[in-house]
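Our numbering applies: residue 1419 is where the sequence shown begins, and numbers increase by one. Read the structure below first, then the notes.
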Amino acid sequence: MTRLDGRRADELRPLKIDRHFTDASPGSVKISAGKTIILCTASFVDKVPPWLESQDQEGGWLTAEYRMLPGSTSPRSNRSDRPDGRATEIQRLIGRSLRAVVDLKKMGKRTLYIDCDVLQADGGTRTLSITGAYIAMIDAFSSIQELLPDQWPVLDSVAAVSIGIVNGEPLLDLCYQEDFAAEVDMNLVMTGSGRFIEIQGTGEEATFSEEELFQLIKFGKNGIDLLTKFQTNIMNQTSSFSENRE
1419 MTRLDGRRAD
1429 ELRPLKIDRH
1439 FTDASPGSVK
1449 ISAGKTIILC
1459 TASFVDKVPP
1469 WLESQDQEGG
1479 WLTAEYRMLP
1489 GSTSPRSNRS
1499 DRPDGRATEI
1509 QRLIGRSLRA
1519 VVDLKKMGKR
1529 TLYIDCDVLQ
1539 ADGGTRTLSI
1549 TGAYIAMIDA
1559 FSSIQELLPD
1569 QWPVLDSVAA
1579 VSIGIVNGEP
1589 LLDLCYQEDF
1599 AAEVDMNLVM
1609 TGSGRFIEIQ
1619 GTGEEATFSE
1629 EELFQLIKFG
1639 KNGIDLLTKF
1649 QTNIMNQTSS
1659 FSENRE
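Here it is, written out as structure tokens:
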């Protein structure tokens, strides 16, 4: 099968990450994969949610919000102050994925808000949001490291990628047209050390075999390994990341 952009079946889309993209948030990343572009920001509030405060528990909280801007798709989508069902599901996934690699007890009594705004959508927005939000999160924690009550709170890295079966062939990092045509659609979230955080997979009016499942996971793991290396290279361009990890 020849892919629309000429990639191999197991090849990621061209990836670009711009750190410190805006000045208002301590963590700010514009990330793109092919034609999908997302702005991920990370900001602190010096309090925890009421439900956590009432439990009198040590530490803080991390939560995420996800939106597709009206001009991110064609035709234009409607602007809404409240997330729809899809956006709610995606932002919960982003929050779960990042909390999986953070020791919340080491955050202090504060909340880290992750905002992922899709500037242009061409498939893989939820997975790219996770990959970019991780870097924004690292930069945000670095900005308050002297205020943290204990050790560095981030335990591992996290990245995510889409995989699927299109016309009977497993593919990595699907664009919108491939995702729309996919018989099987899957999203994989993993840590940099190779542990699974989440596997979302479904047959779109189709079924898939155990062998196909393993092939998809193999493609996804290889893709996440490359994304993790890309994240590390980007963050090691400044001395703060390597110092904070010690």
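All C-beta atoms in this analysis are idealised placements derived from N, C-alpha and C, irrespective of residue type, glycine included.
Among the options, the one whose alpha carbon lies nearest that of residue i
{"i": "S1450", "options": "D1533, Y1531 and S1547", "result": "S1547"}
{"i": "E1507", "options": "A1482, A1518, G1526 and P1488", "result": "A1482"}
{"i": "A1427", "options": "S1490, L1589, K1465 and E1564", "result": "L1589"}
{"i": "T1646", "options": "G1526, R1528, K1465 and Y1552", "result": "Y1552"}
{"i": "L1470", "options": "G1526, S1490 and H1438", "result": "G1526"}
{"i": "V1607", "options": "G1550, S1561 and V1466", "result": "G1550"}
{"i": "M1653", "options": "A1554, A1624, E1629 and E1623", "result": "A1554"}
{"i": "V1572", "options": "G1610, T1420 and F1598", "result": "G1610"}
Cβ-based burial, residue i [other Cβ within 10 Å; buried from 16]
{"i": "R1497", "result": "exposed"}
{"i": "D1591", "result": "buried"}
{"i": "F1559", "result": "buried"}
{"i": "K1434", "result": "exposed"}
{"i": "G1612", "result": "exposed"}
{"i": "S1472", "result": "exposed"}
{"i": "Q1655", "result": "exposed"}
Short Cβ contact (9 Å threshold) for residue i with residue j
{"i": "P1567", "j": "K1636", "result": "no"}
{"i": "T1545", "j": "N1640", "result": "no"}
{"i": "L1530", "j": "S1461", "result": "yes"}
{"i": "K1448", "j": "L1537", "result": "yes"}
{"i": "D1540", "j": "C1593", "result": "yes"}
{"i": "I1532", "j": "I1562", "result": "no"}
Rounded straight-line distance, which links the Cα of residue j to that of residue i
{"i": "I1642", "j": "Q1595", "result": "22 Å"}
{"i": "N1585", "j": "M1486", "result": "28 Å"}
{"i": "V1520", "j": "W1570", "result": "9 Å"}
{"i": "Q1509", "j": "Y1484", "result": "5 Å"}
{"i": "Q1633", "j": "V1576", "result": "21 Å"}
{"i": "D1603", "j": "W1479", "result": "31 Å"}
{"i": "D1436", "j": "D1464", "result": "27 Å"}
{"i": "S1492", "j": "F1614", "result": "34 Å"}
{"i": "I1583", "j": "S1627", "result": "11 Å"}
{"i": "R1425", "j": "T1440", "result": "32 Å"}
{"i": "G1638", "j": "L1644", "result": "10 Å"}
For residue j and residue i, believed in contact at Cβ under 8 Å, the rounded distance
{"i": "R1514", "j": "E1616", "result": "7 Å"}
{"i": "T1459", "j": "G1542", "result": "With 8 Å as the limit, T1459 and G1542 do not qualify as a contact, their Cβ atoms being about 19 Å apart."}
{"i": "S1495", "j": "P1501", "result": "The pair is not a contact, with the Cβ atoms about 12 Å apart (cut-off 8 Å)."}
{"i": "D1557", "j": "P1468", "result": "Actually they are not in contact, since the Cβ atoms of D1557 and P1468 sit about 28 Å apart, beyond 8 Å."}
{"i": "G1452", "j": "D1423", "result": "7 Å"}
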